[in-house]
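See structure below.
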Amino acid sequence: MDSAALALGREALLLALEVSAPPLLAALVVGAAVGVLQAATQVQEPSIPVLPRAAAVLGAAFLAGPWIGARLVRFASSALELALGAGR
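Every position in the sequence shown, counted from 1, becomes a number in my numbering once 17 is added.
And the structure:
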């Protein structure tokens with residue numbers, strides 16, 4: 018049981034990293050692009066990159082939503098199978 022719980026915890030941490038990657042990478046790419054654009058135009062207003070980053074995160078979450086949902090359902094299913102199997 019202990020090894021199964023450790024494996025489940027490890028899988029949960031890896032899943033958290035996997036499902037958070039698309040929005041985080043979108044924010045990173047858009048933030049870097051806006052930063053380069055701000056440096057090139059010498060406009061150093063800190064509020065400018067907020068809206069493009071937020072739009073990129075929402076867009077990435079919308080596009081990756083079905084994949085994220087499928088991964089979460091698959092993990093929940095395996096966790097429930099493990100919990101129900103251990104209770105017998």
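Note that CB positions come from ideal geometry on N, CA and C, so glycine has one too. Small disclaimer: the values here were computed from a predicted structure and weren't measured.
Euclidean distance between Cα positions of residue i and residue j
i   : j   : result
D19 : R27 : 12 Å
L89 : P63 : 35 Å
V53 : L68 : 16 Å
V51 : A96 : 41 Å
G76 : P83 : 13 Å
8 Å Cβ shell around residue i - same chain, five flanking residues per side excluded
i   : result
I85 : V36, P39, A78
Contact set for residue i: own chain, Cβ-Cβ below 7 Å, skip 5 residues either direction
i   : result
G48 : P66, R70
Whole-angstrom C-beta distance between residue j and residue i, which should lie under 8 Å
i   : j   : result
A73 : A44 : 6 Å
A29 : L99 : That belief does not hold up - the Cβ atoms of A29 and L99 are roughly 12 Å apart, past 8 Å.
L32 : F92 : 5 Å
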